[in-house]
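Residue 430 in the numbering used here sits at position 43 of the sequence shown, and the numbers go up by one each step.
Read the structure below first, then the notes.
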Amino acid sequence: MTKLQKIIYISNARLPSEKANAYQSMLQCESFSKVITTEFWFPFRQNSIRVKNVFEFYGVKNSFVLKQVPSLDSSLLWELHRKLGFLCQTLSFLFLCAVQILRERTDVVIYTRNTLDMLIVPLLKIIRSNLPIFFEDHDGFLKRHRWIKQKLLNHVDGIVVTTSFHSRQLQEGGVPGEKILIAPNGVKLERFASLNLPEITNDERRVLYVGNLFPWKGVYTLAEATRYLPDQYNIYIIGGSPEAVKPFRTYLSKHNLDLKVTLIDHVAPVKVADYLKQANILVLPNSARHAISELFTSPLKLFEYMAAKKPIVASDVPAIREVLTHGRNALLVEPDNPRALAKGIQIVCEQPELARRLGEQAFQDVTQYAWEKRTKKIMEFIEQRIQA
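Printed below as a string of structure tokens:
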């Protein structure tokens, strides 16, 4: 950068968290910090997850500042009305962020990734019209409140998205193409450098999914797929936030699937690679019934799967096809179809040479998604937009 001295990355997310958005923010800030002074501002919120060191929990270097901004996070308000509690917490956090940003005396860039966090943008632009603000959008235009988001996007200097469909949707909504950068998520390749592909044997066949358990993630389809798999196939599912784990456990029990699926609590992101190493096949069963999983998502686990050099069976949806190609670096199957998913898993297991080839090619292809390369694109985009 020519003049800018610092990036302030703002996200109204719990930290640490079992959700991928906080993990993605930590990885992005670590990568930013290699080229510019970086601060990650996050709110003071009630949090049941306790860790001694957030950097170690996420497996990132202590190379940027974590700044906790106060917010009104009241249990009483949440109990009275969840939306009211969330609104008070969000607005108080954003107001205090705005106050502190306006006290900044250095040339800074504001970078945020949550739609509601953009409520801060008009105020900042009124007071400091030349303050560069960039927004990383992961939601697209929602059916509700679409017009509000369109108005807010007019105030930002640039928008980063992770899929081409997302870019097209924004442009159809009136956002100029030159204001948008497509930058899929990334991976820390060094974390996977020592992993080796275990041979698939006739004994236990370990099928692994890592991530949250919301319906749009496709985990219910994966659970149903166990009905069509032989006994030596064992399904392991790691992760899930509390609000998603409880209904999923209930579903497994109600449909007599709890003995076929092993649930493992959320593990620290730094330990995920160790679990991937123990699997034979990695599964990404995105649902096509939800726009976010069909068209918008760029899952961190997708790139970690590829870096693990393991065969991947994934849903054949547009968002995934931007990275994976059927028969080249993954086996793509019909989404929301348990039989198709089970068949894909069996095909890979029964053909060790295919499994090896898919894993090797995925590993080669993922090198283009290193965080450093993503950050280089974003920083060049920021520079270009500021000079425009």
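The beta-carbon is built from N, C-alpha and C at its ideal position, and this holds for glycine as well.
Within the same chain, and ignoring the five residues on either side of Q558 in sequence, the residues whose Cβ sits closer than 6 Å to its Cβ are G564. Taking all protein chains shown into account, Q415 has 16 or more neighbouring C-beta atoms within 10 Å of its C-beta and is therefore buried. In this structure, the beta-carbon distance from A666 to R593 falls below 7 Å. Assignment of K406 by DSSP, reduced to helix, strand and coil, places it in the coil class. Three or more Cβ pairs drawn from the stretch 602-615 and the stretch 728-739 lie within less than 8 Å of each other, which places the two stretches in contact. The C-alpha of K575 lies about 6 Å from the C-alpha of A757. Bounds of any beta strand (DSSP E) do not take in K604, whose DSSP letter is neither H nor E. With distances taken between CA atoms, R515 lies nearest to L489 out of L663, R500, E426 and L489. Contact between S554 and I567 is confirmed by a C-beta separation of about 5 Å, below the 8 Å threshold. Between F444 and V438, the gap from beta carbon to beta carbon is short of 7 Å.
Distance from the CA atom of L600 to the CA atom of Y638, rounded to whole angstroms, is 11 Å. As for any alpha helix (DSSP H) of minimum length 4 sitting wholly inside the stretch 505-588, the runs are 508-514, 533-540 and 551-559, ordered along the chain. Per the coordinates, the alpha-carbon of K697 lies some 13 Å from the alpha-carbon of A580. Under the 8 Å Cβ criterion, the stretch 733-753 does not count as touching the stretch 389-409, having fewer than three qualifying pairs. Between the alpha carbons of C484 and D504 lies a gap of roughly 10 Å.
A buried status is given to V648, since no fewer than 16 other beta-carbon atoms sit within 10 Å of its beta-carbon. For the 7 Å CB-CB criterion, E466 and V447 do not form a contact. Ranked by Cα distance from D723, the first of L609, Q751 and H653 is L609. Buried is the label assigned to Q476, since at least 16 other Cβ atoms lie within 10 Å of its Cβ. At the C-beta level, D460 and R500 stay beyond 7 Å of one another.
Closest in C-alpha terms to Q487, from the list A409, F429, F442 and N541, comes F429. Here A775 is exposed, its C-beta having fewer than 16 other C-beta atoms within 10 Å.
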